[in-house]
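These notes are about the structure you will find just below.
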Amino acid sequence: MKTLKTELIACFDQLDTYVHLSFLEMQRDCRKGTIHALRVALKRFRALLQMLDALDPHFAGKPAIKKLKPLFEEAGKLRALQILDAILHAQEEKLQMEHVHSAKIRQRIGAQQRFFDEFIHSYSFAEIREASLQARSHLLHLGLRALRSGLRGYFRDLLQDISRLSREGLSSKKRLHDLRKNIKKVHYNLLVILETNPSLSLPAEPVQALENAQNLLGKWHDQHLAFREAKDMSDAPKLFLRQLRQEERLCLQEVRIALVQLPPQVECLLQEAEHMLAPKPTAC
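Start counting the sequence shown at 0; every next residue gets the next number (numbering that gives the first Met the number 0).
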(Lines of atoms letter the chains of each structure in order from A and count residues from 1; the text may use other names and numbers.)
(Lines give C-alpha, C1' and ligand atoms only; values in the text may rest on other atoms or scores of the structure.)
Protein backbone atom coordinates (compact mmCIF):
# COMPACT_ATOMS: atom_id res chain seq x y z
CA MET A 1 0.00 0.00 0.00
CA LYS A 2 1.30 3.41 -0.96
CA THR A 3 1.64 5.91 1.88
CA LEU A 4 3.32 9.29 2.27
CA LYS A 5 6.33 7.48 3.74
CA THR A 6 6.70 4.89 0.98
CA GLU A 7 6.43 7.60 -1.66
CA LEU A 8 8.89 9.79 0.23
CA ILE A 9 11.34 6.88 0.29
CA ALA A 10 10.85 6.54 -3.48
CA CYS A 11 11.65 10.25 -3.91
CA PHE A 12 14.70 9.82 -1.67
CA ASP A 13 15.93 6.95 -3.85
CA GLN A 14 15.28 8.95 -7.02
CA LEU A 15 17.23 11.99 -5.80
CA ASP A 16 20.03 9.80 -4.44
CA THR A 17 20.33 8.14 -7.86
CA TYR A 18 20.14 11.52 -9.60
CA VAL A 19 23.15 12.72 -7.59
CA HIS A 20 25.12 9.56 -8.35
CA LEU A 21 24.38 9.66 -12.10
CA SER A 22 25.16 13.40 -12.27
CA PHE A 23 28.48 12.70 -10.58
CA LEU A 24 29.33 9.94 -13.08
CA GLU A 25 28.35 12.18 -15.98
CA MET A 26 30.57 14.91 -14.58
CA GLN A 27 33.51 12.50 -14.51
CA ARG A 28 32.87 11.63 -18.17
CA ASP A 29 32.35 15.18 -19.42
CA CYS A 30 33.13 18.18 -17.19
CA ARG A 31 31.43 21.17 -18.83
CA LYS A 32 28.95 23.92 -17.92
CA GLY A 33 25.88 21.77 -18.44
CA THR A 34 27.11 18.85 -16.34
CA ILE A 35 28.36 21.15 -13.57
CA HIS A 36 24.96 22.83 -13.41
CA ALA A 37 23.16 19.46 -13.42
CA LEU A 38 25.35 18.17 -10.59
CA ARG A 39 24.77 21.32 -8.52
CA VAL A 40 20.99 21.08 -8.98
CA ALA A 41 21.04 17.38 -8.02
CA LEU A 42 23.09 18.13 -4.91
CA LYS A 43 20.84 21.05 -3.92
CA ARG A 44 17.68 19.00 -4.23
CA PHE A 45 19.08 16.04 -2.29
CA ARG A 46 20.57 18.29 0.38
CA ALA A 47 17.25 20.12 0.78
CA LEU A 48 15.46 16.79 1.29
CA LEU A 49 18.02 15.67 3.88
CA GLN A 50 17.73 19.02 5.69
CA MET A 51 13.94 18.69 5.74
CA LEU A 52 14.09 15.18 7.16
CA ASP A 53 16.67 16.36 9.68
CA ALA A 54 14.24 19.06 10.82
CA LEU A 55 11.53 16.43 11.41
CA ASP A 56 13.59 14.28 13.76
CA PRO A 57 16.60 15.44 15.81
CA HIS A 58 17.96 11.89 15.63
CA PHE A 59 17.69 11.62 11.84
CA ALA A 60 20.93 10.48 10.20
CA GLY A 61 20.99 13.14 7.50
CA LYS A 62 23.83 15.31 8.80
CA PRO A 63 26.63 12.84 7.90
CA ALA A 64 25.35 12.66 4.31
CA ILE A 65 25.12 16.46 4.09
CA LYS A 66 28.68 16.71 5.43
CA LYS A 67 29.97 14.20 2.86
CA LEU A 68 28.24 16.08 0.03
CA LYS A 69 29.72 19.45 1.04
CA PRO A 70 33.21 19.20 -0.58
CA LEU A 71 31.73 18.09 -3.90
CA PHE A 72 29.13 20.86 -3.78
CA GLU A 73 31.66 23.55 -2.86
CA GLU A 74 34.24 22.63 -5.51
CA ALA A 75 31.61 22.48 -8.24
CA GLY A 76 30.27 25.81 -6.92
CA LYS A 77 33.67 27.53 -7.25
CA LEU A 78 33.90 26.64 -10.92
CA ARG A 79 30.26 27.51 -11.59
CA ALA A 80 30.65 30.90 -9.85
CA LEU A 81 33.63 31.78 -12.06
CA GLN A 82 31.68 30.85 -15.18
CA ILE A 83 28.84 33.16 -14.13
CA LEU A 84 31.29 35.98 -13.35
CA ASP A 85 32.85 35.58 -16.78
CA ALA A 86 29.44 35.86 -18.46
CA ILE A 87 28.45 39.00 -16.51
CA LEU A 88 31.76 40.82 -16.96
CA HIS A 89 31.96 39.87 -20.64
CA ALA A 90 28.43 41.19 -21.24
CA GLN A 91 29.28 44.46 -19.49
CA GLU A 92 32.46 44.87 -21.55
CA GLU A 93 30.44 44.31 -24.71
CA LYS A 94 27.87 46.87 -23.59
CA LEU A 95 30.55 49.50 -22.97
CA GLN A 96 32.52 48.47 -26.10
CA MET A 97 35.57 47.76 -23.97
CA GLU A 98 38.34 45.25 -24.53
CA HIS A 99 37.66 41.98 -22.76
CA VAL A 100 40.42 42.50 -20.22
CA HIS A 101 38.51 41.75 -17.02
CA SER A 102 36.58 38.73 -18.29
CA ALA A 103 39.88 37.40 -19.69
CA LYS A 104 41.32 37.43 -16.16
CA ILE A 105 38.33 35.41 -14.96
CA ARG A 106 38.79 32.95 -17.82
CA GLN A 107 42.39 32.38 -16.75
CA ARG A 108 41.09 31.51 -13.29
CA ILE A 109 38.45 29.28 -14.87
CA GLY A 110 41.21 27.36 -16.67
CA ALA A 111 43.14 26.80 -13.44
CA GLN A 112 39.99 25.89 -11.51
CA GLN A 113 38.88 23.55 -14.30
CA ARG A 114 42.17 21.66 -14.13
CA PHE A 115 41.94 21.42 -10.35
CA PHE A 116 38.32 20.28 -10.51
CA ASP A 117 39.09 17.63 -13.13
CA GLU A 118 41.66 16.13 -10.77
CA PHE A 119 39.34 16.49 -7.80
CA ILE A 120 36.34 14.84 -9.47
CA HIS A 121 38.37 11.86 -10.72
CA SER A 122 40.02 11.22 -7.37
CA TYR A 123 36.83 11.77 -5.36
CA SER A 124 35.34 8.67 -3.76
CA PHE A 125 31.56 8.40 -3.81
CA ALA A 126 31.58 5.43 -1.42
CA GLU A 127 31.29 7.49 1.77
CA ILE A 128 28.35 9.45 0.34
CA ARG A 129 26.60 6.20 -0.59
CA GLU A 130 27.14 4.83 2.90
CA ALA A 131 25.83 8.01 4.55
CA SER A 132 22.81 8.03 2.22
CA LEU A 133 21.99 4.43 3.12
CA GLN A 134 22.05 5.33 6.82
CA ALA A 135 19.69 8.23 6.19
CA ARG A 136 17.37 6.01 4.13
CA SER A 137 17.29 3.38 6.88
CA HIS A 138 16.27 6.03 9.40
CA LEU A 139 13.53 7.31 7.08
CA LEU A 140 12.24 3.76 6.74
CA HIS A 141 11.58 3.64 10.48
CA LEU A 142 9.90 7.05 10.91
CA GLY A 143 6.27 6.76 12.01
CA LEU A 144 3.80 7.89 9.33
CA ARG A 145 1.67 10.00 11.65
CA ALA A 146 4.71 11.73 13.15
CA LEU A 147 6.12 12.20 9.65
CA ARG A 148 2.98 13.92 8.39
CA SER A 149 2.78 16.12 11.49
CA GLY A 150 6.47 16.97 11.25
CA LEU A 151 6.18 17.96 7.60
CA ARG A 152 3.29 20.30 8.38
CA GLY A 153 5.39 21.98 11.06
CA TYR A 154 8.42 22.16 8.77
CA PHE A 155 6.58 23.92 5.96
CA ARG A 156 4.71 26.16 8.40
CA ASP A 157 7.94 27.37 10.02
CA LEU A 158 9.81 27.76 6.74
CA LEU A 159 7.01 29.60 4.92
CA GLN A 160 6.42 31.90 7.88
CA ASP A 161 10.15 32.66 7.92
CA ILE A 162 10.04 33.43 4.19
CA SER A 163 7.12 35.80 4.78
CA ARG A 164 9.04 37.57 7.57
CA LEU A 165 12.26 37.81 5.57
CA SER A 166 10.41 39.11 2.50
CA ARG A 167 9.31 42.06 4.66
CA GLU A 168 12.74 42.60 6.22
CA GLY A 169 15.02 41.36 3.43
CA LEU A 170 16.11 44.66 1.93
CA SER A 171 17.33 45.87 5.31
CA SER A 172 20.47 43.72 4.92
CA LYS A 173 22.22 41.54 2.36
CA LYS A 174 22.40 38.72 4.90
CA ARG A 175 18.60 38.63 5.11
CA LEU A 176 18.41 38.51 1.32
CA HIS A 177 20.84 35.56 1.28
CA ASP A 178 18.80 33.80 4.01
CA LEU A 179 15.60 34.45 2.08
CA ARG A 180 17.09 33.04 -1.11
CA LYS A 181 18.24 29.86 0.66
CA ASN A 182 14.87 29.35 2.36
CA ILE A 183 12.94 29.85 -0.88
CA LYS A 184 15.12 27.22 -2.54
CA LYS A 185 14.50 24.79 0.31
CA VAL A 186 10.74 25.21 0.28
CA HIS A 187 10.59 25.10 -3.51
CA TYR A 188 12.62 21.89 -3.79
CA ASN A 189 10.77 20.18 -0.96
CA LEU A 190 7.30 21.18 -2.14
CA LEU A 191 8.29 19.46 -5.40
CA VAL A 192 9.14 16.36 -3.36
CA ILE A 193 5.72 16.38 -1.64
CA LEU A 194 3.95 16.79 -4.99
CA GLU A 195 5.97 13.91 -6.39
CA THR A 196 4.80 11.68 -3.54
CA ASN A 197 1.25 12.01 -4.85
CA PRO A 198 0.66 12.94 -8.52
CA SER A 199 -2.98 13.80 -7.74
CA LEU A 200 -1.83 16.73 -5.57
CA SER A 201 -1.32 20.16 -7.05
CA LEU A 202 -0.59 23.71 -5.96
CA PRO A 203 -2.15 26.90 -7.35
CA ALA A 204 0.03 28.34 -10.10
CA GLU A 205 0.13 31.97 -8.93
CA PRO A 206 1.88 31.53 -5.54
CA VAL A 207 4.28 28.95 -6.96
CA GLN A 208 5.15 31.38 -9.76
CA ALA A 209 5.64 34.20 -7.22
CA LEU A 210 8.04 32.02 -5.25
CA GLU A 211 9.99 31.02 -8.38
CA ASN A 212 10.10 34.63 -9.57
CA ALA A 213 11.50 35.83 -6.24
CA GLN A 214 14.07 33.02 -6.27
CA ASN A 215 15.21 33.89 -9.81
CA LEU A 216 15.45 37.62 -9.08
CA LEU A 217 17.37 37.00 -5.86
CA GLY A 218 19.74 34.74 -7.79
CA LYS A 219 20.23 37.38 -10.45
CA TRP A 220 20.94 40.02 -7.81
CA HIS A 221 23.34 37.69 -5.98
CA ASP A 222 25.35 37.06 -9.17
CA GLN A 223 25.44 40.77 -10.00
CA HIS A 224 26.51 41.63 -6.45
CA LEU A 225 29.41 39.17 -6.65
CA ALA A 226 30.41 40.51 -10.08
CA PHE A 227 30.61 44.06 -8.75
CA ARG A 228 32.68 42.95 -5.75
CA GLU A 229 35.02 40.97 -8.01
CA ALA A 230 35.53 43.89 -10.40
CA LYS A 231 36.04 46.28 -7.49
CA ASP A 232 38.97 44.13 -6.33
CA MET A 233 40.63 44.49 -9.76
CA SER A 234 43.10 47.35 -9.47
CA ASP A 235 42.79 48.36 -13.12
CA ALA A 236 38.97 48.35 -13.38
CA PRO A 237 37.80 51.69 -14.91
CA LYS A 238 35.37 53.77 -12.85
CA LEU A 239 32.79 53.66 -15.63
CA PHE A 240 32.93 49.86 -15.64
CA LEU A 241 32.39 49.73 -11.87
CA ARG A 242 29.58 52.31 -12.01
CA GLN A 243 27.76 50.29 -14.62
CA LEU A 244 28.08 47.07 -12.64
CA ARG A 245 26.88 48.88 -9.53
CA GLN A 246 23.94 50.26 -11.47
CA GLU A 247 23.05 46.78 -12.70
CA GLU A 248 23.06 45.53 -9.11
CA ARG A 249 20.78 48.39 -8.03
CA LEU A 250 18.37 47.61 -10.85
CA CYS A 251 18.31 43.97 -9.71
CA LEU A 252 17.58 45.10 -6.16
CA GLN A 253 14.70 47.22 -7.41
CA GLU A 254 13.19 44.17 -9.12
CA VAL A 255 13.71 42.19 -5.92
CA ARG A 256 11.99 44.91 -3.89
CA ILE A 257 8.88 44.77 -6.08
CA ALA A 258 8.77 40.96 -5.96
CA LEU A 259 9.14 40.86 -2.17
CA VAL A 260 6.28 43.30 -1.62
CA GLN A 261 4.01 40.90 -3.51
CA LEU A 262 5.31 37.73 -1.84
CA PRO A 263 3.74 37.53 1.69
CA PRO A 264 0.09 36.99 0.59
CA GLN A 265 1.24 34.37 -1.91
CA VAL A 266 3.28 32.63 0.78
CA GLU A 267 0.18 32.60 3.02
CA CYS A 268 -1.71 30.88 0.22
CA LEU A 269 1.03 28.26 -0.09
CA LEU A 270 1.00 27.74 3.66
CA GLN A 271 -2.72 26.99 3.61
CA GLU A 272 -2.27 24.60 0.69
CA ALA A 273 0.61 22.80 2.41
CA GLU A 274 -1.46 22.45 5.60
CA HIS A 275 -4.29 20.97 3.57
CA MET A 276 -2.03 18.56 1.63
CA LEU A 277 -0.44 17.25 4.81
CA ALA A 278 -3.53 17.15 7.02
CA PRO A 279 -4.03 13.80 8.83
CA LYS A 280 -5.78 11.21 6.68
CA PRO A 281 -8.32 9.03 8.54
CA THR A 282 -7.37 5.96 6.48
CA ALA A 283 -3.61 6.35 6.94
CA CYS A 284 -1.90 3.49 8.73
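Here a beta-carbon is modelled for each residue, glycine too, at the ideal position from N, C-alpha and C. Just so we're clear, the structure is a prediction, and the values are computed from it rather than from any experiment.
Legend entry - Residue burial classification, A134 (beta-carbon count within 10 angstroms, cutoff 16): With 16 or more other Cβ atoms within 10 Å, it is buried.
Legend entry - Ordered list of alpha helix (DSSP H) runs contained in the stretch 134 to 185, each at least 4 residues: Within the stretch 134 to 185, the complete alpha helix (DSSP H) segments of 4 residues or longer fall at 143 to 167, listed in chain order.
Legend entry - CB-CB length for M275 against L199, believed under 8 Å: The beta-carbon separation of M275 and L199, rounded to 6 Å, stays under the 8 Å limit for a contact.
Inset, instruction - Compare the Cα-Cα distances from G32 to each of A89, I256, R78 and report the closest residue. - result: Looking at A89, I256, R78, the one whose alpha-carbon comes closest to that of G32 is R78.
Inset, instruction - Name the two residues that bound the continuous alpha helix (DSSP H) containing H98. - result: Counting along the chain, H98 falls outside any alpha helix (DSSP H), and DSSP gives it neither H nor E.
Legend entry - Span of the alpha helix (DSSP H), counted from its first residue to its last, around C10: Taken as a continuous stretch (DSSP letters only), the alpha helix (DSSP H) holding C10 covers 3 to 27.
Legend entry - Straight-line Cα distance separating A212 from I182: Taking the Cα positions, I182 is about 8 Å away from A212.
Inset, instruction - Look up F124 in the DSSP assignment and say whether it is helix, strand or coil. - result: Looking at F124 - three-state DSSP - the assignment turns out to be coil, as it is neither helix nor strand.
Legend entry - C-beta atoms of L14 and L47 nearer than 9 Å: Cβ atoms of L14 and L47: closer than 9 Å.
Legend entry - Cβ contact (3+ pairs, closer than 8 Å) linking the stretch 247 to 254 and the stretch 217 to 237: These segments touch.
Inset, instruction - Keeping to the same chain, check which residues put their C-beta closer than 7 Å to that of D177; ignore five residues upstream and five downstream. - result: Excluding sequence neighbours, D177 sits near L164.
Inset, instruction - Note down the Cα distance separating M232 from R107, rounded to an integer number of angstroms. - result: In this structure, the CA atom of M232 is about 13 Å from the CA atom of R107.
Legend entry - Contact check, V18 vs A53, beta carbons under 9 Å: Taking 9 Å as the cut-off, the Cβ atoms of V18 and A53 do not count as close.
Inset, instruction - Look up N196 in the DSSP assignment and say whether it is helix, strand or coil. - result: Collapsing the DSSP output to three states places N196 in coil.
Legend entry - N196, buried or exposed, once every other Cβ within 10 Å from all chains shown has been counted against 16: Using a 10 angstroms sphere on the CB of N196, the tally of other CB atoms stays under 16, which defines it as exposed.
Inset, instruction - Take K184 and list the residues in its own chain whose beta-carbon comes closer than 8 Å to its own, dropping the five residues that flank it on each side. - result: Excluding positions up to five away in sequence, the list reads A46, Q49, M50, L157.
Inset, instruction - May I ask which residues mark the beginning and end of the alpha helix (DSSP H) holding L209? - result: Going by DSSP, L209 is part of the alpha helix (DSSP H) stretching over 203 to 230.
Legend entry - Contact set for K93: own chain, Cβ-Cβ below 8 Å, skip 5 residues either direction: If we look at K93 and ignore the five residues flanking it on each side, its Cβ neighbours are Q242.
Legend entry - Between the CA atoms of R43 and N188 - distance to the nearest angstrom: One C-alpha to the other measures close to 8 Å.
Inset, instruction - May I ask which residues mark the beginning and end of the alpha helix (DSSP H) holding F239? - result: Here the alpha helix (DSSP H) through F239 covers 237 to 275.
Inset, instruction - Could you give the DSSP three-state label for R30: helix, strand or coil? - result: DSSP, reduced to helix, strand and coil, places R30 outside both helices and strands of the structure shown, so it counts as coil.
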